[in-house]
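The sequence shown begins at 10 in my numbering and counts up one residue at a time. I have placed the structure first, in the form of structure tokens, so that the comments after it can refer back to it.
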Amino acid sequence: GYKGSLKYVVEQCKSAIAYPPDGLPILFYGPTGTGKSYMANLMYEYAVNTRKVSSDKKFVTVNCSEYANNPELLTANLFGAKKGAYTGADKDTVGLIKAADGGILFLDEVHCLKPECQEKLFLFMDKGIYHMVGD
């Protein structure tokens, strides 16, 4: 950053990757185009380079604005769904949270989600608890 203006932010991001062993949830807040997704990608690269995250683990991005009017679809895509949970669910499907396990899950535009969907995400981020659709 300009004259070291981002030094504190960078140190906080490094700490979030390193402590505790599984890392911490991080909230990047700012207007569109300010580099939130870029910063998340840098954190992933840092985590891989420092071997906090294995290079075979994924960086998964979810643009939540795509689900603003369909929280049920977001729930199924994020948390996964059991066979028979909805029409067309002919097998268990792994959610994006599980797909990103051990890597980094970047949730973009979370503010676009309805409150009930934000509550489910908060429960996962706070307690690590989530349920597959139909579970």
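Don't be surprised by glycine CBs; every beta carbon is placed ideally from N, CA and C.
Nearest Cα to E125 within the set A90, V103 and P80: P80. Of all C-beta pairs linking the stretch 17-29 to the stretch 78-96, fewer than three are shorter than 8 Å, placing the two stretches out of contact.
Excluding its 5 nearest sequence neighbours in each direction, L87 has C-beta neighbours in its own chain below 6 Å: G104, L105 and I106, listed in chain order. For D135, the uninterrupted alpha helix (DSSP H) run begins and ends at P124 to K136, by DSSP. Assignment of L114 by DSSP, reduced to helix, strand and coil, places it in the strand class. For A90, the three-state secondary structure derived from DSSP is strand. Between K66 and G13, the C-beta spacing is not below 7 Å.
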